[in-house]
Structures are given as C-alpha cells and as structure tokens.
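Read through the structure below, which is laid out as structure tokens, and then see the notes.
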C-alpha cells in the first residue's frame with residue numbers, strides 16, 4: 512500500500528512542476544508583459560517588484576518575460592533532440608537486436624564508439640565545427656543520445672526474440688520488417704518510456720550547459736543557460752537573475768525525474 | 008523438536024486481495040485444514056482455486072495487496088497471524104521451508120551453490136566451518152554424489168532438476184518441521200520429477216519433516232501423499248487419505264477433476280489419426296543435422312544437437328515425437344519450421360506448416376487483441392478476403408476451437424492459459440495449414456484445460472484431416488492420439504513406427520526408460 516501512495520506522490524509533485532514550466536511555455540507563445548529584448552536604462556537590475564515580478568537584468572530587460580520565452584527553447588531542444596535520438600536509436604537497436612551476428616557487432620561498435628566519449632564534449636565539437644545554432648545543437652545532442660536508446664531497444668528486442676509469439680510470426684511467414692515494427696515495437700514501450708523521459712531531462716541539462724558556454728541558442732534569443740551565463744557577474748548584486756532561470760530548470764528536470772519514477776514504479780507494480 | 012499431533016492447523020482463514028481500487032476480492036474462504044506430524048499432505052485443485060495463496064499465507068510471504076481478514080494459522084501451538092513480520096521471517100527457513108515452482112529463477116546466478124545456501128545459515132549462526140559442513144551434508148542428502156564439487160558450481164552449470172535439488176537442500180538446511188512445496192516438479196520433465204518426488208518422500212521419512220505438497224499432477228499426489236485435500240474457490244471441499252480420494256471421490260467436483268487429469272482417451276473421445284493407404288507424404292526429412300552456432304567470429308565446430316534424422320509424415324496422419332529432455336525434440340521442430348538452418352540434409356514440405364508452442368504466457372503478443380492475431384495470420388498466409396468474409400471466417404474458426412465472438416476483442420492478459428492456447432490454435436487454423444506442429448502444447452496448462460486442448464487437437468486431426476506432429480512427454484496422450492511415433496535419444500532417432508507396437512514392445516533403451524517414468528506423469 513505504501514509503495515502505491517508513494518508512487519502517486521511522485522506523479523503529483525512531478526506533474527505540478529512540469530505544469531508550471533509548460534504553463535510558462537504556453538503563456539510565452541501569446542503574451543509577455545514586456546518585449547523580451549526591450550531594454551530600459553531607467554530600470555536596470557531592479558529587484559522583483561509589482562511591475563517586474565522577477566526583476567530586471569543589467570540591460571533593464573524584464574526577467575519574467577525572458578523566462579516565459581526561454582521555456583520555448585528548452586522544450587523545443589529537449590523534445591526535438593530526443594525525437595531525433597529516438598528515431599536513430601529505434602532503427603539501429605531493432606535491426607541490431609533482431610539480426611544479431613555481424614550486423615549487431617557493427618551497430619554496437621558505432622554506438623560504443625560514441626558512448627566512450629563524454630557526451631557534452633562530442634556535442635561541443637560538433638557545434639564548434641558546424642557553427643553554433645539551435646538546429647546544430649539539436650542534431651548534435653540527438654546523435655550523442657542515440658546510442659542510449661539503441662541499447663535499450665537492442666537488449667529488449669533480443670529478449671523478445673525467444674518468445675513464442677515472435678517464433679509464431681516467423682513460422683507464419685510475416686516479413687521481418689513487419690515483425691520488428693508491429694510485433695516487437697509496441698511491446699517495448701514500457702522499457703523505452705522511462706528512457707525517453709530521463710533523456711528529456713538530460714537533454715535539457717546538456718542544452719543549458721552549451722548555452723551557458725555560448726554554443727547553444729544564440730543571443731538575443733533567451734535561454735535559461737544563456738541567462739545564467741549573463742547573470743554570472745551580478746550573482747551577488749542581483750541574485751534573482753540566477754534564481755528564477757535556475758528555478759525553471761529545476762522544475763523541468765526534477766519534474767521529469769519524478770514522472771519517470773512514477774512510470775517506473777507503476778509499471779512494475781501494475782504488471783499482471 | 009517435534010510437536011505431537013497437528014503441526015499446522017489453519018482455522019477459518021479468510022484472505023482477500025485488493026489492488027488499491029475497487030472492492031477486495033475474497034481468495035480464501037473459511038479455509039480449514041491441518042497437517043499432521045510427519046505426513047505428506049497433498050493439495051490439489053484447478054488453477055485459481057487458491058492453492059498458492061494458501062502456501063503464501065502459511066509461509067508469511069504474502070504481498071502487500073493480500074490481507075488476512077480473519078481466522079488463525081496455528082503452527083506448533085502458536086498463532087502465526089498474530090506474529091510480527093520479523094518473527095515470521097525468522098521462522099521461515101528455520102521451522103518452515105518453502106520450495107517454489109521455478110528453479111531457474113530462485114538461485115542467485117552470480118553466486119556459487121555454497122554461497123547461495125550459506126545465506127540461510129548466516130542469519131542464524133556465525134560458525135562458518137559448521138555451516139559449510141551442514142551444507143555439504145545436506146547436498147549429499149539430496150543426492151549429489153560429489154558435494155564438494157557441486158558446492159563450487161554456479162547455478163547455470165546445473166540442470167533444472169539439480170537446481171531444484173539445491174533448493175530443496177536450502178529449504179531443509181535448518182532441519183525445519185514443515186516443508187511447503189508449491190508445484191516443485193511442474194517445470195521438470197517426467198524422469199526428473201520422479202526422482203525429486205522420491206527425494207521428498209525420503210526426507211519426510213528419514214528427517215521426520217511434514218510436507219504440504221501442492222500440485223496439479225494427480226499421479227504424483229496419488230503415489231507420494233498420505234492424505235489429499237481438494238480445493239475449490241478458496242475452500243477445501245474434499246479431504247481424505249489419498250487412496251480413498253483417488254479411488255472413491257466423495258464430491259462430483261473431485262470426480263470430474265480426476266477424470267480430466269487421467270486424460271482418459273475414451274472419456275475424451277479421442278481416436279488415433281491414421282493416414283489412408285495411398286495418402287501422399289506432406290512432410291519429410293532426409294538426414295538432417297542441426298546445431299547452434301554460438302559466435303560469429305569464432306567459427307569453431309560446435310557439437311550438433313541432432314544428427315542424421317530422417318522421417319516421413321503422410322497426409323492426415325498424427326505423429327508423436329517423444330524422448331527425454333535434451334534429446335533434441337525442440338531443435339528438430341525448430342529446424343522443420345525453418346527457425347533454425349540445418350547444417351546438412353533436406354526438408355520437403357507440401358503446403359503451409361503452422362505451429363503451436365508450449366508456453367501459454369508467451370504464445371500471444373501481449374500488445375494486441377485476438378482479432379489482430381487472426382488478421383495477422385491471414386495476411387501472412389497471403390489470403391485476401393472481404394471484411395464480411397473475414398468476420399465469418401474468424402467466427403467459424405473461433406467456434407471450432409471453443410471460443411466465441413466476445414474473445415475477438417480480448418487482449419492475452421484477459422484470458423486464461425487454456426483460452427490463450429486455443430487462440431494460438433485458432434491462428435493456425437485461420438491459415439488452413441496442411442500440417443500443424445505442436446511442441447508440448449498442453450504441458451503448461453492445468454488438468455481441465457489440458458483435456459480440452461488435447462480433444463481439440465485430436466478433433467482438428469480427425470475431422471479436418473489436418474496432419475499433426477505432436478511433441479509431448481505424456482505417453483498416454485501420444486498413445487491415444489497418434490498412430491505413429493518417433494522416439495528420439497541424444498539427437499538421433501532411437502526407433503520409429505506404429506505407436507501401439509513401439510509402446511507395448513519397446514526395442515530401444517530410450518523408450519524403455521520413458522515407459523518406466525510414465526507411472527508418475529500427469
């Protein structure tokens with residue numbers, strides 16, 4: 512009983528945290544109190560007040576407006592990146608797991624090759640070579656994350672191959688591609704879903720790190736990592752510049768972790 | 008310490024399961040029984056009757072979702088229901104030993120047999136030498152000839168029967184007064200389960216351990232148990248000495264259970280499927296050799312699992328394939344089905360070959376409904392039909408296998424093992440195959456589902472004229488259903504020919520050994 516309630520608590524806490532970030536994103540699509548790049552020399556580094564509830568930065572820009580808009584990039588990069596990684600990982604993992612043998616060896620050599628470098632380093636190199644831009648960040652991070660998904664798909668596929676219903680499909684003469692996509696893939700959702708959620712969280716961390724280093728989303732567009740990097744020199748004088756973007760990142764990442772914890776426990780307890 | 012009279016008394020035990028939502032479901036209903044000192048008590052019943060729940064309740068291993076509503080479990084004079092979880096845990100292993108169904112998952116694969124077993128002793132004593140001696144002695148008791156060597160082995164180097172022996176050694180290590188055995192032989196083959204049963208019997212007699220033996224193998228119960236209880240819907244409906252229960256069942260339910268489990272060919276109406284004189288050969292194999300290649304890079308010669316196997320199956324015939332575990336039956340089936348490439352030899356098939364596998368849990372894809380499965384089978388066979396035709400075809404096939412239209416939208420987890428196996432057979436029939444190959448299609452089912460699957464396969468063979476190749480441990484079923492039989496031994500065909508002739512006058516040692524183990528089979 513206790514585990515049941517605990518897993519519910521994960522769902523509610525994580526859900527509320529994510530709802531705040533998604534709320535910011537939706538609001539930011541239609542409305543911001545001030546223009547995000549609207550500078551006001553009369554109100555620089557204002558502490559949170561009635562007119563600027565999150566305060567203003569060194570150029571007099573409204574931090575609340577920038578937080579609203581930055582949610583857009585965080586969500587975009589994390590979702591697009593994971594989708595890209597998932598697409599590559601699914602194809603590679605299914606093919607490697609289903610065929611085994613030499614095909615499996617080749618796929619695994621590639622995936623281990625990528626995984627033995629620190630992910631952020633590879634992404635940084637890719638962006639340094641192709642130039643810093645939003646799209647380069649997305650595909651570079653996607654490529655770095657793909658092996659994680661490929662491994663999940665590969666091992667789960669291998670496990671399913673011995674099941675009677677897959678043997679049955681082979682005996683009936685179903686095409687291998689159809690076996691992979693229709694017979695195997697739907698059964699892997701429970702393993703892949705937690706990996707996707709954790710992937711979203713990790714992707715956000717990487718993206719913020721890259722933006723912080725100036726290689727991610729380019730100014731004047733706002734992103735949490737970039738806002739933190741800009742606020743660094745004013746950390747003591749204007750702590751709200753650090754506080755609010757950090758809070759948003761914490762909500763998003765911790766919320767995702769909590770949700771993944773809920774998925775994990777409820778799938779485990781709910782099976783059979 | 009032995010306790011005179013009843014070692015275990017369960018009085019009016021009520022137990023329900025709840026999953027946090029909805030009303031709790033009552034599983035055990037006013038369950039009352041007792042185990043006498045030094046006896047083997049058999050507990051039989053259909054699946055879902057609460058046998059395993061009884062075992063879990065007595066051993067104190069119930070999950071969080073189960074709750075004892077009322078009643079008492081008195082073990083050696085003390086009520087276990089009132090004890091704290093910690094006290095019960097200490098009791099487990101020391102006074103109460105438990106053996107579970109699946110020996111493959113009950114041992115830690117990363118630890119040797121000795122360290123697996125020493126976990127049990129560590130909790131209670133610190134004397135390492137004494138513990139080791141005790142383990143070696145117990146391994147010897149359970150029939151390992153070289154306990155020193157066995158103790159060093161890892162679980163993957165033991166066979167299923169050997170693992171079950173190690174688990175029995177573990178359960179008996181602290182010299183408990185009660186041993187609960189929940190289907191200890193159902194995942195083992197006949198020859199192995201016979202030896203496990205004999206071991207339990209000896210332990211009961213020599214060490215004075217009382218055993219609560221749960222099984223749906225009625226023959227084993229008849230041969231080894233002093234008393235038998237029959238369970239139905241969470242309550243005991245019949246209980247007597249095993250001789251009386253098996254000889255003169257008091258309730259209609261028990262009589263029916265016995266009849267079904269006997270798999271009596273006459274009461275089921277099974278006849279041997281024979282081929283006509285001039286029937287064409289639909290499946291034949293010439294000198295096939297096959298094995299498994301372990302590594303792509305290391306092209307070393309791995310030993311062949313089957314070698315020089317040749318046989319012919321004629322249209323309309325029903326052929327049995329028998330042999331002890333590990334003799335290559337499944338490898339042969341996989342090779343015929345094209346799941347494994349033979350190293351040499353030829354296989355000729357005419358028409359479509361369909362397969363039914365053993366495990367009802369994995370025979371259907373858990374992500375899809377029955378309708379999807381039938382659709383998929385139809386599509387794979389390249390048969391095109393209009394929506395109406397398809398629907399009628401499906402309904403006809405479902406009716407043939409004993410399911411109905413409502414099962415079309417069911418997912419596998421919404422059906423019982425027998426129903427799933429029927430759906431798997433329906434998948435075969437949709438394709439209208441010329442041959443159906445069934446690899447142990449009923450061995451994982453309970454007695455009443457077994458009977459219905461056997462009857463179904465026999466009907467498909469005799470009424471539709473579909474050729475059958477049936478792999479089974481159950482010689483009685485093979486004798487009733489198949490006109491021809493192939494006996495395999497160590498990857499070769501030991502003998503083949505007319506079923507009655509071979510089973511009545513075995514010429515090979517392999518057949519003789521199978522017949523000897525037969526008296527203990529379900």
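Chains as they are written, first to last, in the numbering used here: chain A, 512 to 783; chain S, 8 to 529.
We treat Cβ as the ideally placed atom computed from N, Cα and C, and that holds for glycine.
- Counting only Cβ-Cβ distances below 7 angstroms, residue 674(A) has contacts in chain S at 369, in chain order.
- Within its own chain, the residues whose Cβ lies closer than 6 angstroms to the Cβ of residue 489(S), once the five positions on either side in sequence are excluded, are 325, 326, 327, 506, listed in chain order.
- Here residue 38(S) is bridged, per DSSP, to 20(S).
- Burial is judged here by how many other beta carbons sit within 10 angstroms of a residue's own beta carbon; residue 511(S) has fewer than 16 and is exposed.
- Along the region 350-376 of chain S, going in chain order, the ones with a CB nearer than 8 angstroms to a CB of chain A are 360, 361, 362, 364, 365, 366, 369, 370, 371, 372, 373, 374, 375.
- Unbroken beta strand (DSSP E) runs of no fewer than 3 residues, entirely contained in the region 28-104 of chain S, are found at 32-43, 47-51, 73-82, following chain order.
- A check of alpha carbon separations from residue 712(A) across 564(A), 557(A), 558(A), 587(A) identifies 587(A) as the nearest.
- Closest in C-alpha terms to residue 741(A), from the list 518(A), 645(A), 572(A), comes 572(A).
- In the three-state reduction of the DSSP assignment, residue 474(S) falls in the strand class.
- The beta carbons of residue 289(S) and residue 442(S) sit closer together than 8 angstroms.
- Just so you know, the alpha carbons of residue 618(A) and residue 607(A) end up roughly 6 angstroms apart.
- Within the model, the alpha-carbon separation for residue 45(S) versus residue 209(S) is close to 11 angstroms.
- Within chain A, no residue has its CB atom less than 7 angstroms from the CB of residue 475(S), the nearest being about 15 angstroms off.
- The region 593-605 of chain A makes contact with the region 659-666 of chain A; the number of CB pairs closer than 8 angstroms reaches 3 or more.
- DSSP, reduced to helix, strand and coil, places residue 211(S) within a helical segment of the structure shown.
- Out of 116(S), 466(S), 183(S), 483(S), the CA that lies nearest to the CA of residue 475(S) is found in 466(S).
- Three or more beta-carbon pairs drawn from the region 95-102 of chain S and the region 173-184 of chain S are found closer than 8 angstroms, and the two stretches are therefore classed as touching.
- In this structure, the beta-carbon distance from residue 207(S) to residue 42(S) does not fall below 8 angstroms.
- The alpha-carbon separation between residue 47(S) and residue 19(S) amounts to approximately 22 angstroms.
- The shortest CA-to-CA distance from residue 651(A) to any of 604(A), 726(A), 687(A), 669(A) is the one to 726(A).
- Between residue 292(S) and residue 317(S) a beta carbon distance of about 6 angstroms is seen, short of the 8 angstroms cut, so the two are scored as contacting.
- Listed as beta-bridge partners of residue 216(S) by DSSP are no residues whatsoever.
- Taking 8 angstroms as the CB threshold, residue 737(A) stays off the interface with chain S.
- By alpha-carbon distance to residue 630(A), the top candidate from 555(A), 756(A), 710(A), 694(A) is 710(A).
- Inclusion of residue 714(A) and residue 525(A) in the CB contact set at 8 angstroms is not warranted, their separation being larger than that value.
- For residue 438(S), the neighbours in chain A by C-beta distance under 8 angstroms run, in chain order, 683.
- Sixteen is the threshold: since fewer than 16 other Cβ atoms of the shown chains lie within 10 Å of the Cβ of residue 743(A), the residue is exposed.
- Distance from residue 238(S) to residue 57(S) at the Cβ level is roughly 6 angstroms; contact confirmed, criterion being Cβ atoms closer than 8 angstroms.
- Neighbours of residue 698(A) in chain S, taken as residues at a C-beta separation under 8 angstroms, are given in chain order as 372, 373, 374.
- Beta-bridge analysis with DSSP links residue 248(S) to 234(S).
- Ranked by Cα distance from residue 546(A), the first of 625(A), 531(A), 692(A), 567(A) is 567(A).
- Collapsing the DSSP output to three states places residue 311(S) in coil.
- Taking a 10 Å sphere around the C-beta of residue 623(A), we find fewer than 16 other C-beta atoms and assign the residue as exposed.
- With fewer than 16 neighbouring CB atoms inside 10 Å of its own CB, residue 688(A) falls in the exposed class.
- Judged by DSSP in its simplified three-state form, residue 539(A) adopts helix.
- The three-state secondary structure of residue 149(S), taken from DSSP, is coil.
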